[in-house]
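Structure record follows, encoded as structure tokens.
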Amino acid sequence: MSTPNGFPLHSGGCVTRSMEGGAVQDLHAKKAGKAAKKEAGDNGPLTFDDLPRVGTSLNEALKLLPGELKANMKIKSITPRPPRKPRLERAASLDEKSWRRWRRFRTSQESLTDPNETSSSNGSLQEASLSPPVRGRSSPCHQCCQQNSLHSCSPDASEASPAGKSRGGPSDLGKRASEISSAFGGLLRGKAFTGGKPRLAQIMPARPLPPVELSVASQALRTANRIDSDCVDYHHYSQHKFGRVSSSLSDTRLHGNGVVYDSCSTDSMKSTFSLLTPIRSKDVRSRSYLEGSLLASGALLGAEELSRYFPDRNIGIFVATWNMQGQRELPMNLDDLLLPTDPDYAQDMYIIGVQEGCPDRREWEIRLQETLGPHYVMLYSAAHGVLYMSVFIRRDLIWFCSEVEYATVTTRIVSQIKTKGALGICFTFFGTSFLFITSHFTSGDSKVNERKLDYNKTIQALTLPKNVPDTNPYRSSSSDVTTRFDEVFWFGDFNFRLNKDRETVDSILNQNPGTDVSRLLAYDQLTSEMSRGSIFKGFQEADIHFRPSYKFDIGKDSYDTTSKQRTPSYTDRVVFRSRYKDDIQAVKYSSCPSIKTSDHRPVFALFRVKVRPGRDNIPLAAGQFDRELYLIGIKRRITRELQKRREQKDQRSSSICSIS
1 MSTPNGFPLH
11 SGGCVTRSME
21 GGAVQDLHAK
31 KAGKAAKKEA
41 GDNGPLTFDD
51 LPRVGTSLNE
61 ALKLLPGELK
71 ANMKIKSITP
81 RPPRKPRLER
91 AASLDEKSWR
101 RWRRFRTSQE
111 SLTDPNETSS
121 SNGSLQEASL
131 SPPVRGRSSP
141 CHQCCQQNSL
151 HSCSPDASEA
161 SPAGKSRGGP
171 SDLGKRASEI
181 SSAFGGLLRG
191 KAFTGGKPRL
201 AQIMPARPLP
211 PVELSVASQA
221 LRTANRIDSD
231 CVDYHHYSQH
241 KFGRVSSSLS
251 DTRLHGNGVV
261 YDSCSTDSMK
271 STFSLLTPIR
281 SKDVRSRSYL
291 EGSLLASGAL
301 LGAEELSRYF
311 PDRNIGIFVA
321 TWNMQGQREL
331 PMNLDDLLLP
341 TDPDYAQDMY
351 IIGVQEGCPD
361 RREWEIRLQE
371 TLGPHYVMLY
381 SAAHGVLYMS
391 VFIRRDLIWF
401 CSEVEYATVT
411 TRIVSQIKTK
421 GALGICFTFF
431 GTSFLFITSH
441 FTSGDSKVNE
451 RKLDYNKTIQ
461 ALTLPKNVPD
471 TNPYRSSSSD
481 VTTRFDEVFW
491 FGDFNFRLNK
501 DRETVDSILN
511 QNPGTDVSRL
521 LAYDQLTSEM
531 SRGSIFKGFQ
541 EADIHFRPSY
551 KFDIGKDSYD
561 TTSKQRTPSY
571 TDRVVFRSRY
581 KDDIQAVKYS
591 SCPSIKTSDH
601 RPVFALFRVK
611 VRPGRDNIPL
621 AAGQFDRELY
631 LIGIKRRITR
641 ELQKRREQKD
651 QRSSSICSIS
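For the record, in the sequence shown the residue sitting at position 114 is 114 according to full-length UniProt numbering, with numbers rising by one throughout.
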């Protein structure tokens, strides 16, 4: 494109009226020439920021133009005015590193840009197609001088020379570059003749742009799917401790192919399950609670559920026996009995058997529920005369119990009040069957044979189980109920005495006030009979390290001081047996001396029992428990706590400070 005079239009730059008027910076032309020579060796593009501000008049500029331009230009000579103070010296202060960095940036941008692409900016560029230089009649800067503003046009171009020499070589352009002032040097050496259209340089953001998310929901609508700040580490924690959570809720399973999903929604879904294991829909469809395989995944009583609740497959069982002597008065506090301080943790099951129980059996059960608190529920309770038995279990384990069955045996037929006999309760927990028996045998120092008859009658007449199937019928015997269960606990007032006079026993107790009772056990009737195999065949008893539990003066720590002077004895005992060796491990075996409302001290034992997985083909309790008792016990517990706080507050407010 050429001007009306036929001169080629140089798009590299323009000169403003301020130059014609002498409003230029006061740098010497000699310095400008040196800068031009130095820049001529550099092939990088230049801009107006790099032009040195020299005090060059229009006449001097015209002298530097080619001769053919001088012949066609008739411009009045102008005397330059004195130079003014320089306004900006940015170009002169730029170091070489900054210039080279900027040049590499521009070069990389130009290499990635399509030369035929045009910009649509209005008012900022002159959108004219540039062609090789053509002779014309107008000065290259004549048109720009007619305008009041400076138009910056720097399209990428390369000069076309007839000889085909590249820019920066030993050509005429190189010779002229050493003579041209720095005001026009950048314009003549710039990439101004590529044939492409002018365009703006690419604008780079100040900071990296946010990643584009493939999500159908806007940022404002996705706030409901965000994870709570307390659950941000749930994914790492679930993989470390609950690996099956992440495996069963993987992104590939939650979202099919081609479905747009949000990662926040997935994490939020995982966090809502907390510590409970997520259940897949296909498992819900295929699961049956009436029948199942022993090791099949999804079985309610199978190995997977058992391992989730008990990784070591061992549960804690608390067994206690107490002859209450029919007293109406109940202890003020049962914590020392049910919640001893020696083990750090409470047990999974609590089984309490009572002989000669209090007249109000319901009140006794409420007191037990109140003491154990809301973490436990009463699975079952039964009575046979004044024989009571209550079974408490952790509330989250009631779903893994079968139906509970019970049976009774009376050993004293002539008595209208059933004070002597046995009460048995049985159920299956996962795949392990349990039998708990509490008994009250015949009393009397010399009635050992009668007590053995009570034992034999109990194992033969106790008809259990009834509907719950035997877990191992091949090892069962119809003549012994204890062989029909995996784990058996027998506890009660067996009434076995010490075969020694009172004076000898008192002397041994006085010599050994501690827990060394081995000399007393040498005279124990039950230990002797068990060693001979005449009673409790296959049963074991933990080592005894507590003082005799019978017979005390009520409310005191002294043994019988009445005229009868009964000999202290270990009448209250807990024994156990198992089908499999080492399934039951005794942890603690002791008495509770702080409860003194009876002439007997309560005796308790703690056990660790191995549990095996089972099948879903047994009648289940389906979470059944005594709900009414649970609510009453919790209300009592809250009332007791509020009353205790009120008493403490009244005690503080009623304190008097006296000054002497």
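We treat Cβ as the ideally placed atom computed from N, Cα and C, and that holds for glycine.
Three-state class that DSSP yields for residue i in the structure shown
i	result
TYR474	helix
LEU577	In the sequence under discussion, the amino acid at residue 577 is Arg, which differs from the Leu named in the question. If DSSP states are grouped into helix, strand and coil, ARG577 belongs with the strands.
ARG608	strand
ALA303	helix
PHE552	strand
THR562	coil
ASN510	helix
GLU403	coil
ALA163	At ALA163 the pLDDT is 41, less than 50, meaning the model places this residue with poor confidence and gives no usable figure here.
ASP650	helix
THR341	coil
GLU356	coil
ARG532	helix
GLN540	strand
TYR589	strand
GLU329	coil
ARG394	strand
THR567	coil
ASP312	coil
VAL517	coil
GLY633	helix
ASP336	helix
THR371	helix
THR113	Reliability fails at THR113, whose pLDDT of 48 lies under 50, so the model's placement of it is uncertain and the value that follows must be treated cautiously. Note: THR113 maps to coil in three-state DSSP.
VAL377	strand
THR639	helix
VAL488	strand
Same chain, Cβ closer than 7 Å to residue i, neighbours up to 5 away in sequence not counted
i	result
ARG608	ASN314, GLY316, GLN585, VAL587
ALA605	VAL319, ALA542, VAL574, ALA586, LYS588, TYR589
PRO374	ILE634
ARG361	ALA383, TYR388
ASP342	LYS588
ASN499	TYR523, GLN525
SER476	ASP470, THR483, ARG484
LYS610	ARG313, ASN314, ASP583
SER263	Bear in mind that the predicted position of SER263 carries a pLDDT of just 45, short of 50, making it unreliable; the figure below should be weighed with that in mind. Here the set comprises nothing.
Candidates the options, of which the one nearest residue i by Cα
i	options	result
HIS384	ILE398, GLY357, GLN369, ARG367	GLY357
THR561	ARG280, ASP506, LYS610	ASP506
PHE491	ARG652, GLU450, PHE441, GLY533	PHE441
ARG612	PHE310, ILE279, PRO278, PRO205	PHE310
ASP583	LEU462, PHE489, LEU337	PHE489
ASP335	GLN648, PHE494, GLN369, LYS649	GLN369
ILE479	ASN456, SER598, ASP501	According to the sequence provided, residue 479 is Ser. The question's Ile does not apply to it. That would be ASN456, whose Cα lies nearest to the Cα of SER479.
ILE437	GLY444, LEU464, SER443, PHE430	LEU464
ARG566	PHE536, ASP599, LEU453	ASP599
LEU330	LEU306, ARG280, ILE366, ILE535	ILE366
ARG484	LEU453, ILE459, ILE535, ASP493	ILE459
LYS386	LYS418, ARG601, THR410	Before going further, note that residue 386 is Val rather than Lys in the sequence given. Looking at the Cα atoms, LYS418 is the closest of the given residues.
LYS496	LYS452, ARG532, GLN511	According to the sequence shown, residue 496 is Phe rather than Lys. Measuring from the Cα of PHE496, the nearest candidate turns out to be LYS452.
Contacts around residue i, its chain only, beta-carbon distance under 8 Å, and the 5 residues preceding and following it disregarded
i	result
residue 694	As shown, the chain starts at 1 and ends at 660. That puts residue 694 outside it, with no answer to give.
VAL468	SER402, GLU403, GLU405, CYS426, PHE427, THR428, SER433, ILE618, PRO619
ASP344	none
GLY555	LYS596, THR597
GLY558	Before going on, a small fix: residue 558 reads as Ser here, not Gly. PHE552.
ASN472	ASP486, ARG579
Same chain only: Cβ atoms within 6 Å of residue i, ignoring 5 sequence neighbours per side
i	result
VAL603	THR321, SER549, ASP572, SER591
GLU641	none
THR408	HIS384, LEU423
GLU450	THR442
MET530	PHE536
ASP348	ILE315, GLY316, ARG394
Chain C within 7 Å of residue i, Cβ atoms only
i	result
HIS440	No chain C is part of this structure, which consists of one protein chain only.
Secondary structure, alpha helix (DSSP H): runs of 4+ residues fully inside the stretch 416-467: Counting only runs of 4 or more, we get 448-461.
If we count Cβ pairs, one from each stretch, closer than 8 Å, do we get three or more for the stretch 514-525 versus the stretch 467-484? No, the stretch 514-525 does not touch the stretch 467-484.
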